[in-house]
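Colleague: Pasting a structure below so you can have a look.
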Amino acid sequence: MEVIAGYVEHIIYRNTDNGYTVMQVVAEGEEITCTGSLRFIEEGEFIEAEGNFVSHSLYGEQFAVEKYEIMVPKDCHAIERYLGSGAVKGIGAALAGRIVKKFGEDTFRIIEQEPERLAEVKGISEKKAREIAIQAIEKQDMRKAMIFLQQYGISNTLAVKIYDKYALNTYQIIAENPYVLAEDIQGVGFKIADEIASKVGIHTDSDYRIRSGILHILLQASADGHVYLPEDELLLKAATLLGVEQTYIKNQLLNLMVDKKVVIKAVGESKVVYATSYYYLELNCARMLHDLNIVTDENQEEITGRLKKLEENSEIALEQLQYEAVSSAAQNGVFVITGGPGTGKTTTINMIIKYFEEENLDILLAAPTGRAAKRMTEATGYEARTIHRMLEINGNTNADSKGMIFERNEENPLEADVIIIDEMSMVDILLFSALLRAISIGTRLIMVGDINQLPSVGPGAVLKDIIESEAVHVVMLQKIFRQASESDIVVNAHKINRGEYLHMNNQSKDFFFLEREDVNVIMKVIITLVKEKLPKYVGATYNDIQVLTPMRKGMLGIERLNIVLQQYLNPPETAKKEKEYGEGVFREGDKVMQIKNNYQMEWEIRSKYGIPIDKGLGIFNGDMGMITEINHYAETVTVEYDEHKLVEYSFKQLEELELAYAITIHKAQGSEYSAVVMPLLSGPKMLLNRNLLYTGVTRAKKCVTLVGSEKTIQMMIDNSDEQKRYTSFAERIREICF
Numbered sequence: 004m005e006v007i008a009g010y011v012e013h014i015i016y017r018n019t020d021n022g023y024t025v026m027q028v029v030a031e032g033e034e035i036t037c038t039g040s041l042r043f044i045e046e047g048e049f050i051e052a053e054g055n056f057v058s059h060s061l062y063g064e065q066f067a068v069e070k071y072e073i074m075v076p077k078d079c080h081a082i083e084r085y086l087g088s089g090a091v092k093g094i095g096a097a098l099a100g101r102i103v104k105k106f107g108e109d110t111f112r113i114i115e116q117e118p119e120r121l122a123e124v125k126g127i128s129e130k131k132a133r134e135i136a137i138q139a140i141e142k143q144d145m146r147k148a149m150i151f152l153q154q155y156g157i158s159n160t161l162a163v164k165i166y167d168k169y170a171l172n173t174y175q176i177i178a179e180n181p182y183v184l185a186e187d188i189q190g191v192g193f194k195i196a197d198e199i200a201s202k203v204g205i206h207t208d209s210d211y212r213i214r215s216g217i218l219h220i221l222l223q224a225s226a227d228g229h230v231y232l233p234e235d236e237l238l239l240k241a242a243t244l245l246g247v248e249q250t251y252i253k254n255q256l257l258n259l260m261v262d263k264k265v266v267i268k269a270v271g272e273s274k275v276v277y278a279t280s281y282y283y284l285e286l287n288c289a290r291m292l293h294d295l296n297i298v299t300d301e302n303q304e305e306i307t308g309r310l311k312k313l314e315e316n317s318e319i320a321l322e323q324l325q326y327e328a329v330s331s332a333a334q335n336g337v338f339v340i341t342g343g344p345g346t347g348k349t350t351t352i353n354m355i356i357k358y359f360e361e362e363n364l365d366i367l368l369a370a371p372t373g374r375a376a377k378r379m380t381e382a383t384g385y386e387a388r389t390i391h392r393m394l395e396i397n398g399n400t401n402a403d404s405k406g407m408i409f410e411r412n413e414e415n416p417l418e419a420d421v422i423i424i425d426e427m428s429m430v431d432i433l434l435f436s437a438l439l440r441a442i443s444i445g446t447r448l449i450m451v452g453d454i455n456q457l458p459s460v461g462p463g464a465v466l467k468d469i470i471e472s473e474a475v476h477v478v479m480l481q482k483i484f485r486q487a488s489e490s491d492i493v494v495n496a497h498k499i500n501r502g503e504y505l506h507m508n509n510q511s512k513d514f515f516f517l518e519r520e521d522v523n524v525i526m527k528v529i530i531t532l533v534k535e536k537l538p539k540y541v542g543a544t545y546n547d548i549q550v551l552t553p554m555r556k557g558m559l560g561i562e563r564l565n566i567v568l569q570q571y572l573n574p575p576e577t578a579k580k581e582k583e584y585g586e587g588v589f590r591e592g593d594k595v596m597q598i599k600n601n602y603q604m605e606w607e608i609r610s611k612y613g614i615p616i617d618k619g620l621g622i623f624n625g626d627m628g629m630i631t632e633i634n635h636y637a638e639t640v641t642v643e644y645d646e647h648k649l650v651e652y653s654f655k656q657l658e659e660l661e662l663a664y665a666i667t668i669h670k671a672q673g674s675e676y677s678a679v680v681m682p683l684l685s686g687p688k689m690l691l692n693r694n695l696l697y698t699g700v701t702r703a704k705k706c707v708t709l710v711g712s713e714k715t716i717q718m719m720i721d722n723s724d725e726q727k728r729y730t731s732f733a734e735r736i737r738e739i740c741f
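At position 527 of the sequence shown (counting the first as 1) the number is 530 in our numbering, and the numbers step up by one without a gap.
Below you can see the structure in the form of structure tokens.
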């Protein structure tokens, strides 16, 4: 590490989101270009910085700052330069000169201790003198807090959030209870708070630590899809995490209940524990669902007559369950259609739309992901949007906001008579709550989905629980229609779902199995299929051929597959810019995926002339796109998503992206690809189940190719055990409705 000290001559570039800055520093008469997260540095300031000189391919030698300290200017020239730089609002170069001429090297002491004396300088009133003093002191307080937080290993970005939240109380919070940071501030989890507490000297059996650890375990459980944990499981996990006796944990669990941070419910002879917010999410969703579920006195003969007319006009003959579905949609405020591939869900939705159009009702269509919404639009001919976009997601949240904020809610509901949501199996309890809040009583809610697919990535099992509650009218479509029955993708999907073995003799036109037992041979087969064979066979580019795998790790996990596939599908070229990140590299032309919800990320759609024609907020877990540009000067990566949405990521935000030549089957929910390749050789039994295989196979439109072991595939079909999710939404619905 090297050290430089000098004046900030000029700030060339600054990213306001993450504080990344490029600036010129004059050190010992030499101009040095410095880069780094330098949010608090202003022109004219004197800094001492630690870092390393690096050679940039475009911009030459730069000093990459790792750590810095803003020094108080000591000589008259330095003080005048600082004050005249605009660092203190209301003081320009001329006024700075007069202040320093009057007070000399005593200027900063005067500003801090005797600010009224600034009024002795021509052009400064008593009011302005006070304003200058307040600003200078606030800046000094903030910088002191930044330096204080840095000693605990807290990054500048996180330090800003902490100081914005607590201001001068920061010192007390860190000294007494740093665990509160995990509750209050996005980006600070239990582990970071625990590291700070360890450095401060807080004991491992501290009440604060145990309480924070319990909440952390519940938060982790929600990331695994659970809404609650059995008390015994929670106590065991907390004891392992914290290294303390379960007795201490049980005591603090009761204290958390008294403080309304958790809800403890008796279930038979045992107990279950919820984070309070998740308990009331389920309860409030149950109440809102009950309020919407109004059964209307529609005349059955009139419904029958209108349906017959629609069948004649559209030349579509509905089978009995489809007929019942349209009729039920007309009679129930809340209604569910479920069924596997090829059972006529799309035809049923189209007939429901036509039926309500006859009544001149306003209809909204939506789905959880951009790809699912696009498919819904293509299938119905009506515009479908993502649920987030329909609810008008608002990115103008507070820095410490941990959830979604939508413009559409109970005070500003959706203007519609009928709302149809597709791919409901992907909707978690958080998004469902936001959706219900935006629906007025009297509006019909129709939910469509396949309960045999994998559950949502987020917490809950909403569709499954609604069906299990038996409080809402449900039609389960079962008949496979003739056209669909000609597809072995559809036929085999239903066989998998019924637990039947597949005839994998490769006599099919759209379902193939290649028996291979060697990992390296499987890898070569995948490359040949994706790069050469399948694009011609299905008439698509390699970008619409998706490799799906059960696992992240391992020889056939996505981490290794993506490195190898990138090498063959998008190899290095002189014209393609790259950015090294982690153990890999991002390259222009790469297929990538967003791996976390970012409600504040801006996107825009541009005309062919580059003029923005639409803008919005929100890029979500599972969204897939392509890297179109890497800009090393601005340190940004531009990704184009579906519907030509362009999103600019700073280099600091690349943790939100990963290569997507291969993705997990779980991440493929709601999407459909021209062709799917699935390597299936070995893996944990808990993961390799029927549910997972069914979901993977049903992602393909034109062709599925399984590569690997027939024994593994048969084992997956036999394994009907799904990973248990702790949810109680069905119970909450029954409590309110019956």
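We put the beta carbon where it would ideally sit given N, CA and C, even for glycine. All figures in this text were calculated on a predicted structure; none of them were measured in a lab.
Once you ignore the five residues that flank Ser273 on each side, which residues in its own chain have a CB closer than 8 Å to its CB?
Modeller: Around Ser273: Pro233, Glu234, Asp235.
Colleague: Under the three-state reduction of DSSP, which class applies to His13: helix, strand or coil?
Modeller: If DSSP states are grouped into helix, strand and coil, His13 belongs with the strands.
Colleague: Which same chain residues, not among the five before or five after His476, have their C-beta less than 6 Å away from its C-beta?
Modeller: Cβ within range, chain order: Ser331, Asn335, Phe338.
Colleague: Check whether the stretch 369-383 and the stretch 668-677 are in contact - that is, three or more C-beta pairs closer than 8 Å.
Modeller: The stretch 369-383 vs the stretch 668-677: in contact.
Colleague: Check whether the stretch 622-637 touches the stretch 594-608, counting contact only when three or more Cβ pairs, one atom from each stretch, lie closer than 8 Å.
Modeller: At 8 Å Cβ cutoff, the stretches touch.
Colleague: Report the three-state DSSP secondary structure of Lys704 (helix, strand or coil).
Modeller: Reduced to three states, the DSSP call for Lys704 is strand.
Colleague: In whole angstroms, what separates the C-alpha of Ile396 from that of Gly621?
Modeller: Distance between the alpha carbons of Ile396 and Gly621 is about 7 Å.
Colleague: Taking only the alpha-carbon atoms, compute the straight-line gap between Ile199 and His59 and give it to the nearest angstrom.
Modeller: Cα-Cα distance, rounded: 35 Å.
Colleague: Relative to the C-alpha of Lys125, which candidate in Val103, Gln116, Glu115 has its C-alpha closest?
Modeller: The shortest Cα separation from Lys125 among Val103, Gln116, Glu115 belongs to Val103.
Colleague: Pull up the distance between the alpha-carbon of Arg84 and that of Met604, whole angstroms please.
Modeller: Those two C-alpha atoms are separated by around 37 Å.
Colleague: When the Cβ atoms of the stretch 556-565 are set against those of the stretch 689-700, are three or more pairs found closer than 8 Å?
Modeller: No, they do not touch.
Colleague: Between which residues of its own chain and Ser404 is the CB-CB distance below 6 Å, once the five residues before and five after are set aside?
Modeller: Its pLDDT being 41, under 50, Ser404 is placed unreliably by the model, and the measurement read from it follows with that caveat. So no residue of the chain qualifies.
Colleague: Give the DSSP-derived three-state secondary structure of His59 in the structure shown.
Modeller: His59 falls in the strand class under three-state DSSP.
Colleague: Relative to the alpha-carbon of Asp491, which residue among Gln510, Ile50, Val588, Val680 has its alpha-carbon at the smallest distance?
Modeller: Checking every option, the nearest Cα to that of Asp491 belongs to Gln510.
Colleague: Tell me whether Ala328 is buried or exposed, calling it buried when 16 or more other Cβ atoms sit within 10 Å of its Cβ.
Modeller: Buried.
Colleague: Quick test of your reading: Asp425 and Ala370, contact by CB under 8 Å. State the CB separation rounded to the nearest angstrom.
Modeller: With a Cβ gap of about 4 Å, Asp425 and Ala370 count as contacting.
Colleague: Based on DSSP bridge pairs, tell me the residues matched to Glu518.
Modeller: Per DSSP, Gly711.
Colleague: Could you work out which residue in Tyr385, Thr446, Ile432 is closest to Glu413 when comparing CA atoms only?
Modeller: Checking every option, the nearest Cα to that of Glu413 belongs to Thr446.
Colleague: What do you reckon, are the CB atoms on Ile356 and Ile366 nearer than 7 Å?
Modeller: Yes, these two residues count as a Cβ contact at 7 Å.
Colleague: Please classify Lys618: does DSSP put it in a helix, a strand, or coil?
Modeller: Three-state DSSP puts Lys618 in a strand.
Colleague: Which residue from Lys618, Glu301, Tyr281, Gly271 puts its Cα closest to that of Lys263?
Modeller: Comparing Cα-Cα distances from Lys263 to each of Lys618, Glu301, Tyr281, Gly271, the minimum goes to Tyr281.
Colleague: Taking the alpha-carbon positions, what's the Phe43 to Thr641 distance?
Modeller: Near 26 Å, if we compare the C-alpha coordinates of Thr641 and Phe43.
Colleague: Rounded C-beta distance between Tyr545 and Lys534? I'm assuming under 8 Å.
Modeller: Contact flag correct, Cβ pair sits at about 6 Å.
Colleague: In terms of residue numbering, what span does the alpha helix (DSSP H) encompassing Glu315 cover?
Modeller: Here the alpha helix (DSSP H) through Glu315 covers 303-317.
Colleague: Measuring CB to CB, does Tyr664 end up less than 7 Å from Asn565?
Modeller: Yes, Cβ-Cβ distance for Tyr664 and Asn565 is below 7 Å.
Colleague: Let me see if you follow: with CB-CB separation under 7 Å, is Ile127 close to chain C or not?
Modeller: Of the chains in the structure shown, none is chain C; there is only one protein chain.
Colleague: Between Tyr326 and the rest of its own chain, which residues show a CB-CB distance below 7 Å, the 5 nearest in sequence each way excluded?
Modeller: Cβ neighbours of Tyr326 beyond the five flanking positions: Leu310.
Colleague: How far does the beta strand (DSSP E) with Lys268 in it reach, from first residue to last?
Modeller: Segment 265-270, the beta strand (DSSP E) holding Lys268.
Colleague: Put Tyr166 into one of helix, strand or coil per three-state DSSP.
Modeller: It is helical.
Colleague: Who pairs with Gly126 in a beta bridge, going by DSSP?
Modeller: Paired residue(s): none; Gly126 is not in a bridge.
Colleague: Whole angstroms is fine: what's the gap from Leu184's alpha carbon to Ala224's?
Modeller: Looking at the two C-alpha atoms, the distance is approximately 20 Å.
Colleague: Can you look up Ser674 in the DSSP assignment and give me helix, strand or coil?
Modeller: Of the three classes helix, strand and coil, the one that applies to Ser674 here is coil, per DSSP.
Colleague: State yes or no: is the C-beta of Ala441 within less than 7 Å of the C-beta of Pro458?
Modeller: Not a contact, by the Cβ cut-off of 7 Å.
Colleague: On the three-state DSSP scale, how would you describe Gly216?
Modeller: Helix, per DSSP.
Colleague: Out of Arg214, Ile449, Ile135, Asn455, point me to the one whose CA is closest to Ser428's CA.
Modeller: It is Asn455 whose Cα lies nearest to the Cα of Ser428.
Colleague: State whether the stretch 524-541 contacts the stretch 700-718, with contact taken as three or more CB pairs (one from each stretch) at a distance under 8 Å.
Modeller: Short answer: they touch.
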